[in-house]
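K.L.:
First the structure, then my questions, so here it is.
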Amino acid sequence: MNTLDQLALQLTRRQYLGRAATGIGTAALASLLAPASSRSQAADGGAIKPVAPKAKRVIWLTQAGAPSQLDLFDYKPELKHQFDKDLPESVRGMQRLTGMTAGQKRFPVAPSSFKFHQHGDCGMWLSELLPHIAKHADEICMIRSLHTEAINHDPAMTLLQTGHQIGGRPSLGAWLSYGLGSENAELPAFVVMISRPTGPTNAQPLHERMWGSGFLPAKYQGVRFSPGKDPVLFLSNPPGITADRRRAMLDDLNALNRITLEAFQDPETQARIDQFEMAFRLQTSVPELANQSDEPALTFDRYGPESRKPGSFAANCILARRLAERGVRFIQLYHRGWDQHNNLPSGIRSQCYDTDQPTGALLTDLKERGLLDDTLIVWGGEFGRTAYSQGTLTATNYGRDHHPRCYSLWLAGAGVKPGHIHGETDDYSYNIVRDPVHIHDLNATILHLLGIDHTQLTYRFQGRDYRLTDVHGEIVRGVLA
Amino acid sequence: MKPLALLVVVLTVGHTVASAQESSNSEPLRFNRDIRPILSDNCFTCHGPDASHRQAGLRLDVREQALKPAESGDAAIVPGNPAASSLIARIESKDESTVMPPPKSHKRLSALQKERLKRWIAEGAKYELHWAFATVEPVALPAVNLSDWVRTPIDRFILARLEQSQLTPSPEADHATLLRRLSLDLTGLPPTWQDIEQYMNDRSTDAYERAVDRLLRSPHYGERMAVDWLDAARFADTNGYQVDRDRETSAWRDWVIRAFNDNMPFDQFTIEQLAGDLLPNATLSQRIATGFHRNHMMNEEGGIIPDEFLAEYTADRVETTAAVWLGQTFNCARCHDHKFDPFTQRDFYGLKAFFHNVSERGVGNYGAPIRINNPPFIRLPTPEQEQKLAVLNQQLSGTKQQLATSAVEPVEQLNEWSQRLLATPVLWQTTTPLRVDAGKAKASVESETSAARVEFPDAAAYTITLRVETNLKRVSALRIECAEAGMSGSARWQDVRLQLAGEKPSAKTVKKLRPAESGESIVMAEVAKTLDDNRVTFVNVSPKVDNPVWGAFELIEPIANDGDQPLQLEVVISAAYGTGPLLWRVAVTDAAIDLLVPEAIRAIVQSEPEKRSAADAKQLAEFRANSNPLRRELNDQIADLTRQIEAIERDVKTTLVMDELPKQRDTFILMRGAYDKPGERVTATTPAVLPAMSNDLPRNRLGLARWLVGRENPLTARVTVNRLWQSVFGTGLVRTSEDFGSQGETPSHPELLDWLAHEFVQSGWNVKGMMKLIVLSATYRQSSARRSAAADPENRLLLHGPRFRLQAEFVRDQALAVSGLLVPLIGGPSVRPYHPPGLYEQVVAGSGANTYVPGKGDELHRRSLYTYWKRSVPNPAMLAFDAPFRETCTLRRPRTNTPLQALNLMNDPTFVEAARFLGQRMLRDGGDSTDTRIAHGFQIVLARQPRPAELAVLKRAVERTRQEFAADPNSAKQLLEVGEARHDTKLDPIELATWATIGSTMLCMDELITKN
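The following block contains the structure:
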């Protein structure tokens, strides 16, 4: 082999290496080498250089099932005078309803049965259900005017995560891991953790597509961390194979694979060797991460009674902080069980028991470590809930149907206005009256905070340059610090 | 800087196939190859086919339009005169406000691209019909220098192109590599020991061809070919949305395997799948084939709007058909005219009209009593089931006949009963609850309401066992009431059972019940659903405040209490999907059964007979007719037969199919694709830009299918041979095998693509013939070892043989095959192999109900295309190796290389178990020495002898591993316990564990999971 060939082969190897493990440097190199054709750029992937990012990572606390904005964030004191009165038709308008309440004869207004108080210097009104989150009111940037297109869980969650109601497109985390790569070569760039509700409530199903890579290569999909022996699938060696034996076996394997590399000169073989080494490192780094025995008792006090139970939202919040400390780019938690069509007061109470204290603790922890400055927190669900009661309304009980026309979601941390409320809804939290924010706008803003122009992060598929925000999305300047 | 400069050179050489031709400046530029890609990518969005978004009245994809003066008065293109062409002025403009493409488009032309546009205009700005739309014509074979190398016409095209770049083909791969490559390509399995011996010992000149023929005859060929087709057809075992319930379509999957094995011509393969049901005298097999277009996802979520999802299903069919047969991305045209290709929104809905007449509903059949499938489907009873059903159905119709002819009640009898009814009130006595148990559900007895309060913690199924007491001496009927407990609650009431307290439930002790007339809360037909002792049928109970619901049951044999103690009864209620608390209450009566009547009947009886309306009299007569003892007996028989029939029907397999409504649905252009914004009405038509459908073809799916495989259609044959090529070489001649439009890549060997397409049609769409032609070529037989990294790094010129990692399915299939564990059964329902625990529980609805339960025995070791495919949680090992979710049509899988794949190969019990059995084969059949055993292993997994260096590595590994296990024998035993399959226990555990470890190392080798 001549010198030129050797050099080129090494380059190809390095490219494979780079694509597999690291981020910006290699991506920039790739764009330097093949700037002419966006076609090859798209095929190679990852040529995004973030511009002045405010956030280095995101912790997305997804509340699956759609929490009621009326009982948590969007304070409507006047509604108590409207108890059991019909929602005015002028408010309801011609909007479509789900098949669950479309047949209902009346739409009786159900004021929240929970008290709200003002918190922090900013005086943000928050529900009594969220005492721990409320302590961080001055950190929170509340969006009260988010709206979505879908009216059922599956399409709405798919839209929130992938920018499209029907499956097949990459999730936000996959876009980021494609665009930015990982900061930590020992851990995946995109980690997903799921918790089930502790209370008796309706837990809607989730789908792998919500953290899938769509048409992006599979290596960009979210890696699910689960409680138990194998936080990452197939992480543990089989019984009888110690770490030393695995190391020795890998040395044998590497020796064999190097013989293959010599014979075929295929850079894929070098990449394979590297990936086995990466797998070996994961076998150490992930258990070290997941093993929380090095956490002081204070941690568990802070995150609350559920935090010692592996797989709980609280335990996942501790893990989220540990992942953030290790530079994982996109950490997504899903907590299920917010679908309170009936018995909302008891259901939402138990959901808040699951999530409020751990969320507050996570904010405290990040702040103490200085990580809140470059970590973006997102807390919310796939749509809101109706002001009118689904099913029987009594003085102490009610239910709420799906409501895509407006809902609340909050951000905190890197680059967002602290102690701020963006947007406003009408007296029934039924329609937006000021500063509407669409899901695409939210995603454009999240990308902006990470230093990415959402119109630039594209991937060529079926002849078209796709992006997370489709052909939409305006950065919500009002929430930027 | 210097190395970088070198590198740029390297990349340019290998970058695109076209760039090599750039150097020969004498050859004029070609529109399709050199110009269309530039215009399409940078200009067509605003100056292309989409009229509604066209800017400045300028259209660049059609020559006449591009030459006409635009709104500004300037002509974009003046042939032969770049200086006068405003297109050139605009692309060279330094002014941000006039430069094209505009900065906000984020598109930028390179200097080379600008130069090409200029040269092309100077050369006369000749347009070509988009290459993919041109008729497929016979192609002359090119002349080549190295003609000895040529084995098939394919090789002439490949060689001519290599020679043009001053390259020479690679030498032929060695026998072993070739046989393994061939086996993997044609069957997805490595060669067996016998295959290798037979091939190595075959000295005849046509040994290779004979091996090809043998593999094409293997039943595993159909399985291998089916895998790609299942991706295209988005085949899965579940419905995909929300709760993601199962469906049954394995009969369709087996049809595909059979069709490939029988070498069904591709035109027939097309027609039967798109329109088999519309063929004259369609056979069962032809109807099963139509499952192709029922494989899309189906939504069953409560509260969805059916029309919205009906629009999704039909759009999916349009997009899938266009992608699979036409290689076109029609999804763009759903909302607006296509931006890059000449397809309009009208074309999209014209195609939709073909697929819009299926008797389906937008919302699935969630909770369907018997069938899991959403209609339309067909039943596939076994002969045995068919026979049983015939007997039962005959009995049923006989009993019904008897019922119809049984006598009408005499007037005197009616009068006697009426008097008795009016004289005797029916008294229901609420029983006293003694205790209640409902497993994990919170349950307690409430004395003030005489009810059992049960609170369901989740959607799982609960059995409520309620003990009650009554002073009645005789119980002829009971009423079970369900009331709200202060806040709303609901449940599915699935089953009920009654027995005396303290008795063990058995056929003797469980009291026979039947639905009773007792008012209207739950009608009799509904009540019957709680009596069939299966959890599939149920009554939804959702009581309102002060408005309980109840069902009444009569005892076929009343209970008499002769003792002194009150009578204690046990009522067992099964319920699921509960929300909130509910009160369950039991009332009993000793009234004569014939006095239990609905209020409406009682009211009629109370009225004077002379004053009754005809309708009332008729209703009363019918009610009485059904109440007489013989008729009641007959009705019981009918109910019993119906239950037996349903029990068998529940086990009858079905499969999803297409059908055609007698009256066609109207199809409208949907504005911006929105289901509720219909525009103009359209009829079934094929896309305008393609050759028209002949007049004698029917305007239905059958006509469409025949048009797709018609002689005039330029796309189907090209697209199909390209995919076959892709399956062997890893990359199609057109890399973008799903997109033959102007944004797709132009073919690396356009003439070869056309030659193959022409040949394919000429051969009668012979798929096996095409596969054979490809694998017989010298091109295919080349060694895949690279001689230099610089030349053809992506192997688009086919300077080397194909080398790439196996598809997800074949990685696992190979491990099963080489370990000897593979169960080579063809077809049947999908199976559940090993799967990590806990994966479903985190994400699925309900608790417990949706756990993954691995199969037993053979099911653990079937080929991967039979693995149960749940769309919301696909098999993680398949996903790790780049299998798609199967939510939409996939024609090309990416190939990634990740640490999760490495973990899978090392630690997945599938591979750990396979490694043990591979180890066992080496140990038992590999002779007595370490050398021979390793050699035996290499023969099994790679069909070759180990290289000395490889042997040395593994010999050292054997020694070391053996010592380790000898020092820690317990760990050896542990390793041998992974998986269900039983190994030979006579073998020494330390030896077996040692060889299992060697087996694992082999299964992880790059060369093993790669086709070399």
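As given, the protein sequences belong to chains A and B, one line each in that order.
Numbering-wise (the numbering used here), the first sequence opens with residue 1 and increments by one.
Numbering-wise (the numbering used here), the second sequence opens with residue 1 and increments by one.
Quick reminder that beta carbons are idealized off the backbone N, C-alpha and C, glycines included.
(1) Nearest-angstrom Cα distance between I669 of chain B and V682 of chain B?
(2) Once you ignore the five residues that flank F330 of chain A on each side, which residues in its own chain have a CB closer than 6 Å to its CB?
(3) If you run the structure through DSSP and keep just helix, strand and coil, what is C332 of chain B?
(4) What residue from B:E137, B:P37, B:A591 and B:D74 has the CA that sits closest to A423 of chain B's CA?
(5) How far does the alpha helix (DSSP H) with F114 of chain A in it extend, from its first residue to its last?
(6) Please compile the residues from chain B whose C-beta is within a distance smaller than 8 Å of the C-beta of M94 of chain A.
(7) Could you check whether V586 of chain B and L1020 of chain B sit closer than 9 Å to each other, using their CB atoms as the reference points?
(8) How far does the alpha helix (DSSP H) with G919 of chain B in it reach, from first residue to last?
(9) Rounded to the nearest angstrom, how far is the Cβ of I645 of chain B from that of L392 of chain B, given a contact under 8 Å?
(10) Counting only C-beta atoms, is G311 of chain A closer than 9 Å to chain B at any point?
(11) Taking only beta-carbon atoms, is Q351 of chain A less than 9 Å away from chain B?
(12) What first and last residue would you give for the beta strand (DSSP E) that runs through N540 of chain B?
(13) Per the contact definition of three or more C-beta pairs closer than 8 Å, is the stretch 306-319 of chain B in contact with the stretch 674-693 of chain B?
(14) Three Cβ pairs or more, each shorter than 8 Å: is that satisfied between the stretch 722-730 of chain B and the stretch 101-120 of chain B?
(15) For a contact defined as C-beta to C-beta under 8 Å, what are the partners of M1005 of chain B on chain A?
(16) At a CB-CB cut-off below 9 Å, which residues of chain B make contact with N342 of chain A?
(17) Report yes or no: do the stretch 253-263 of chain A and the stretch 861-879 of chain B share at least 3 C-beta pairs separated by less than 8 Å?
(18) When you compare the CB positions of A914 of chain B and G828 of chain B, do they come within less than 9 Å of one another, or not?
(19) In chain A, which residues lie with their C-beta within 8 Å of the C-beta of L879 of chain B?
(20) What's the C-alpha gap between S359 of chain B and D659 of chain B?
(21) Hey, T148 of chain A and A156 of chain A: beta-carbon distance below 9 Å or not?
(22) Closer than 7 Å by beta-carbon distance: list the chain A residues that pair up with Y241 of chain B, in chain order.
(23) Measuring only the C-alpha atoms, how far is S742 of chain B from I452 of chain A?
(24) At a Cβ cut of 7 Å, what residues of the stretch 265-294 of chain A count as close to chain B, listed as they run along the chain?
(25) In terms of residue numbering, what span does the alpha helix (DSSP H) encompassing F269 of chain B cover?
(26) What's the call for M298 of chain B, buried or exposed, on a 16-neighbour Cβ count within 10 Å?
(27) From the DSSP output, which residues share a beta bridge with G240 of chain B?
(28) From which residue to which residue does the beta strand (DSSP E) around T589 of chain B run?
(29) Going by alpha carbons, who is nearest to N1012 of chain B out of B:G801, B:V823, B:A845 and B:A949?
(30) Verify the CB distance criterion: does Q345 of chain B have a CB-CB separation below 9 Å to chain A?
(31) Report back the beta-carbon spacing between T269 of chain A and D1006 of chain B to the nearest angstrom; my notes put them in contact at under 8 Å.
(32) Return the first residue and the last residue of the beta strand (DSSP E) that E554 of chain B is part of.
(33) Given the structure, does T994 of chain B come close to the ligand HEM, in the sense that its CB is under 8 Å from one of the ligand's heavy atoms?
(34) R281 of chain A and A218 of chain A: beta carbons closer than 9 Å?
(35) Name the DSSP bridge partner or partners of D1027 of chain B?
(36) Excluding the 5 residues preceding and the 5 following R36 of chain B in the sequence, name in chain order all residues of the same chain whose CB lies nearer than 6 Å to its CB.
P.N.:
Put simply:
(1) Answer to the nearest angstrom: the Cα atoms are 7 Å apart.
(2) Residues of the same chain with a CB within less than 6 Å of the CB of F330 of chain A, apart from the 5 flanking positions on each side, are V58, G173, L176 and F190 in chain order.
(3) DSSP, read as helix, strand or coil, puts C332 of chain B in helix.
(4) Checked all of B:E137, B:P37, B:A591 and B:D74; the closest Cα to A423 of chain B is B:A591.
(5) Where F114 of chain A is concerned, there is no enclosing alpha helix (DSSP H), given that its DSSP letter is neither H nor E.
(6) Those do not exist, as M94 of chain A stays about 11 Å from chain B at its closest Cβ, beyond 8 Å.
(7) A question about residue 1020 of chain B goes unanswered here, because the residues of chain B that appear run from 1 up to 1012.
(8) Residue range P909 to D925 is occupied by the alpha helix (DSSP H) that includes G919 of chain B.
(9) Going by Cβ atoms, the distance from I645 of chain B to L392 of chain B rounds to 5 Å, so yes, they are a contact pair.
(10) Closer than 9 Å: yes.
(11) For Q351 of chain A, the answer is no, since every Cβ of chain B falls outside 9 Å of its Cβ.
(12) Bounds of the beta strand (DSSP E) holding N540 of chain B are V539 to V541.
(13) The stretch 674-693 of chain B, when compared against the stretch 306-319 of chain B, does touch it at the 8 Å Cβ threshold.
(14) As far as the Cβ criterion goes, the stretch 722-730 of chain B does not touch the stretch 101-120 of chain B, which means the pair count is below three.
(15) For M1005 of chain B, the chain A residues whose Cβ falls inside 8 Å of its Cβ are L253, L256, N257 and T260, in order along the chain.
(16) What N342 of chain A touches in chain B: M487, S488, G489, S490, T579 and G580.
(17) At 8 Å Cβ cutoff, the stretches do not touch.
(18) Contact: no.
(19) The answer, in chain order, is E208, A218 and Q221.
(20) A straight line joining the alpha-carbon of S359 of chain B with that of D659 of chain B spans about 7 Å.
(21) Taking 9 Å as the Cβ cut-off, T148 of chain A and A156 of chain A qualify as a contacting pair.
(22) Correct list: D154.
(23) Computed Cα separation, rounded: 29 Å.
(24) Look at the stretch 265-294 of chain A: the residues with a C-beta under 7 Å from a C-beta of chain B are Q265, D266, E268, T269, A271, R272, Q275, F276, M278, A279 and L282.
(25) It spans F266 to A275 - the alpha helix (DSSP H) in which F269 of chain B sits, taken as one unbroken run.
(26) Counting every other CB atom within 10 Å of its CB across the protein chains shown gives M298 of chain B a total of 16 or more, marking it as buried.
(27) Bridge partners of G240 of chain B: B:M298.
(28) Taken as a continuous stretch (DSSP letters only), the beta strand (DSSP E) holding T589 of chain B covers P581 to T589.
(29) Per the Cα distances, B:G801.
(30) Q345 of chain B does not count as touching chain A.
(31) The C-beta distance from T269 of chain A to D1006 of chain B rounds to 5 Å, short enough to meet the 8 Å contact threshold.
(32) From DSSP, the beta strand (DSSP E) with E554 of chain B extends over V549 to A560.
(33) For the ligand HEM, the structure offers nothing, since it holds no ligand at all.
(34) Result no, Cβ atoms of R281 of chain A and A218 of chain A do not sit closer than 9 Å.
(35) As displayed, chain B neither begins before 1 nor continues past 1012, which places residue 1027 of chain B out of reach and without an answer.
(36) Around R36 of chain B, the same chain offers S742 as residues with beta carbons nearer than 6 Å, after the five sequence neighbours per side are excluded.
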